[in-house]
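Here is the structure we will look at, set down as structure tokens.
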Amino acid sequence: MRWALVKVSLAVTTMVVLAFAVPLGLVIRELASDRAFSRAEREAAAVAPALSITTDRDQLERVVASAGSDAAMAVHVPLGGDEEALHIGRQRAAAEDIAAVRNLGRASTTTVTGGSALLQPVALSSGEIAVVEVYVAESEVTNGVATAWAVLAGVGVALILGSVAVADRLGVRMVRPAQRLVEGAHELGEGKLGARVPEEGPTELRLAAVAFNSMADQVVQLLANERELAADLSHRLRTPLTVLRLNAASLGEGPAAEQTRAAVEQLEREVDTIIRTARDAKPQTAAAGPGAGCDAAEVVRERMAFWSALAEDEGRKWRVAGADRPVRIPVARADLAAALDALLGNVFRHTAEGTAFAVDLHNGEDAVIVLVSDAGPGIPDPEAAIARGRGSGSDGSTGLGLDIVRRLAESTGGDVRIGSSVLGGTEVRIWIQLDGREAAPRRRGHRGGVRRRGPGRLLPSLKRARTLT
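Counting in the working numbering, the sequence shown runs from 62 upward without gaps.
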């Protein structure tokens, strides 16, 4: 496509330049010729008054010398009777041409050696017709034409080169987004689920990039849902497995009882393996490159609109704050939506009907904080909840919800903290870093379960959010 645009631009510009430059060059040549013959006419007109007064050779020679060069002008005066015609200056035109002009009484030009000659008839007092001959050299006719043509050629070449350069840049602007789209499709086909393409370029390619990124997000979300479903289904098997293990322990001794207990233990190990595999094999959902990021405010409004229907059915009061203006974060839209769904789902699962909840969005200079709080009984052991989110599963919980939230925050260099909310229940704070720094070291013992350390300064707009935990 790029070279096709260059070729089309080259052909069109060349035709336009030729269409204008060739006629203009011919006009310039014609103007130079007219200028040379106009000068010759003025020189011939300067001699005409003297011829109408006298035919004396000496006087005419002085007039010719004052009007122009003797080498370029000649005067042919018939004296009448048997006297020989008077010729002053060098004659270049043929006698027949001079006679024809004298008979016709009109000015004429004729071709002579090295150029042309202007023959101007002048009426004498005696009634005879004299002829003034002015020589116009070929160099005078073409004076300045070559320079003008060179300038036109230079301008034409510059226009052609400029149009080719512009067409090439336009071609690059059109081809580069298409190449990135192809590369992104290849990466996604090779299993790199974080592949995204920049949403830039012409409108059609930009829409194609938007559709590709949306498709990639859907693929990632579907795979994540599949793995979470596998982990949750495996988690549900733990309850009947516990019953089987207790029943197997009461079977007493014997080969059959030992085989039953061994089978139950093996089944428990397989279930745990499925849960860990499903969590550890979660695809990388962070979109790398210029195509990454989303509007956190838009995602918050969208998910709250989804959960508000269930909240109304259960009589829950809910509130959203800070989502009235766009808030860009370096997190994929699907990731943030999954994290919010996990936290809001926990609110509905672990609090009684009618319990209020809220989502607050705080936008700072170098970080964005998402707060999900409720008025429930709270979490008695935030450390254990964070540990489940890191995959211990010691108390029978898969910890998938907090794991999704933790991965999202740490992918930006942020963290997750659990504490008490102003509503009286639990508050989960997601710190999303905007400057792309690595996650800072963490230490235990803080009342929120984990604490972010490092030199990053706390923005005034985020102080209240940080003190809530």
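Just so you know, even glycine gets a beta-carbon here, dropped at the ideal spot from N, CA and C.
Given the structure is predicted, the values throughout are model-derived calculations rather than measurements.
| message | I'd like the list of long-range same chain contacts for Leu66, defined as Cβ closer than 8 Å, with 5 residues on each side in sequence excluded. | response | Take Leu66, set aside five residues on each side of it, and the residues of its chain with a beta-carbon closer than 8 Å to its own are Ala228, Asp229, Leu231, Gly232 and Met235, in chain order.
| query | Along the chain, where does the beta strand (DSSP E) that runs through Ser186 open and close? | reply | No beta strand (DSSP E) holds Ser186; DSSP gives it neither H nor E.
| said: Can you confirm whether the stretch 462 to 474 touches the stretch 412 to 422 when touching is taken to mean that 3 or more C-beta pairs between the two stretches lie within less than 8 Å? | reply: The count of Cβ pairs closer than 8 Å, one atom from the stretch 412 to 422 and one from the stretch 462 to 474, stays below three, leaving the stretches out of contact.
| query | Pick from Pro443, Val483 and Leu422: whose alpha carbon is nearest that of Ile491? | reply | Of the listed residues, the one whose Cα sits closest to Ile491 is Leu422.
| request: Label Asn164 either buried or exposed according to how many other C-beta atoms from any shown protein chain fall within 10 Å of its C-beta, with 16 as the threshold for buried. | output: Classification of Asn164: exposed, given that the 10 Å Cβ count is below 16.
| query | Out of Val225, Glu189, Ala154 and His148, which has the shortest C-alpha to C-alpha gap to Gly175? | reply | The candidate whose alpha carbon is nearest that of Gly175 is Ala154.
| field | Distance, Val420 Cα to Ala357 Cα | value | Ala357 and Val420: Cα-Cα distance of roughly 12 Å.
| Supposed close pair Gly475, Gln494 - CB separation, criterion 8 Å | Sure, about 4 Å apart at Cβ, within 8 Å.
| Where the beta strand (DSSP E) containing Ala135 begins and where it ends | Boundaries of the beta strand (DSSP E) harbouring Ala135: Met134 to Val138, taken from the DSSP string.
| said: On the CB-based measure, 16 or more other CB atoms within 10 Å of its CB, does Asp117 come out buried or exposed? | reply: Taking all protein chains shown into account, Asp117 has fewer than 16 neighbouring C-beta atoms within 10 Å of its C-beta and is therefore exposed.
| Applying the criterion that 16 or more other CB atoms from any shown protein chain within 10 Å of the CB defines a buried residue, is Asn286 buried or exposed? | Per the 10 Å Cβ criterion, exposed.
| Whole-angstrom Cβ separation of Arg362 and Val388, contact assumed at under 8 Å? | Between Val388 and Arg362 the Cβ distance is about 11 Å, and since that is not below 8 Å, they are no contact.
| So, helix, strand or coil for Arg410, using DSSP? | Note: Arg410 maps to helix in three-state DSSP.
| request: May I have the straight-line CA-CA distance separating Glu248 from Leu312, to the nearest angstrom? | output: Using only the alpha carbons, I get a separation of about 55 Å.
| Should Ala80 be labelled buried (16 or more other beta-carbon atoms within 10 Å of its own) or exposed? | Counting of Cβ neighbours within 10 angstroms places Ala80 among the exposed residues, the total staying below 16.
| said: Can you list, in chain order, the residues of its chain with a C-beta nearer than 6 Å to that of Ala400? Leave out the 5 residues immediately preceding and following it. | reply: Cβ contact annotation for Ala400 (same chain, cutoff 6 Å, sequence separation greater than five): Ile465, Val466 and Leu469, in chain order.
| message | Check this for me: beta carbons of Val433 and Leu397, under 9 Å apart or not? | response | No, they are not a contact pair.
| message | With H, G and I counted as helix, E and B as strand and the rest as coil, what does DSSP make of Leu79? | response | Here Leu79 sits in helix by DSSP.
| Alpha-carbon spacing of Arg394 relative to Gly255, whole angstroms | Rounded to the nearest angstrom, the two C-alpha atoms are 12 Å apart.
| Leaving out five residues before and five after Val325 in sequence, what residues of the same chain have Cβ atoms less than 6 Å from its Cβ? | So the list reads Leu305, Arg306 and Ala309, once near-sequence residues are dropped.
| By how many angstroms is the C-alpha of Leu71 removed from the C-alpha of Gly245? | Taking the straight line joining both Cα atoms gives about 33 Å.
| task | Give the range of the alpha helix (DSSP H) segment to which Gln494 is assigned. | result | Not the alpha helix (DSSP H): Gln494 falls in the beta strand (DSSP E), residues Thr487 to Gln494.
| field | Classification of Thr74 by the beta-carbon crowding that lies within 10 angstroms, buried from 16 upward | value | By the 10 Å Cβ count, Thr74 comes out buried.
| request: Can you tell me which of the three DSSP states Ser200 falls into? | output: Helix.
| Whose CA, out of Gly439, Ala446, Thr473 and Glu471, lies closest to the CA of Gly485? | When each option's Cα is compared against that of Gly485, the closest is Gly439.
| query | With which residues is Ile149 paired in a DSSP beta bridge? | reply | Answer is Val136.
| said: Bridge partners for Ile479 per DSSP, in chain order? | reply: According to DSSP, which records beta bridges pairwise, Ile479 is partnered with Val489.
| request: Please confirm whether Ser186 and Ser99 have their CB atoms less than 9 Å apart. | output: No; because the gap between Cβ atoms is not below 9 Å, this pair is not in contact.
| query | Is it true that the CB of Gln181 sits closer than 9 Å to the CB of Ala105? | reply | Yes, the pair counts as a contact, with Cβ atoms nearer than the cut-off.
| query | Rounded to whole angstroms, how far is the Cβ of Ala82 from the Cβ of Gly205, which I believe are closer than 8 Å? | reply | With 8 Å as the limit, Ala82 and Gly205 do not qualify as a contact, their Cβ atoms being about 16 Å apart.
| said: Suppose the cutoff is 6 Å on Cβ atoms and the five residues either side in sequence are ignored; what does the same chain contact list for Ser482 look like? | reply: Excluding sequence neighbours, Ser482 sits near Ser434 and Glu488.
| Which residue comes first and which comes last in the alpha helix (DSSP H) that contains Ser224? | Segment Val206 to Gly250, the alpha helix (DSSP H) holding Ser224.
| Can you tell me whether DSSP reads Thr264 as helix, strand or coil? | Residue state, collapsed to three classes: helix.
| query | If we count the other Cβ atoms within 10 Å of its Cβ and call it buried at 16 or more, is Leu266 buried or exposed? | reply | Around the CB of Leu266, 16 or more other CB atoms lie within 10 Å, so the residue is classed as buried.
| Local Cβ density within 10 Å of Asp95, reported as buried at 16 or more and exposed below that | Exposed: under 16 other Cβ atoms inside 10 Å.
| Length of the line joining the Cα atoms of Arg123 and Thr203 | So the two alpha carbons sit approximately 30 Å from each other.
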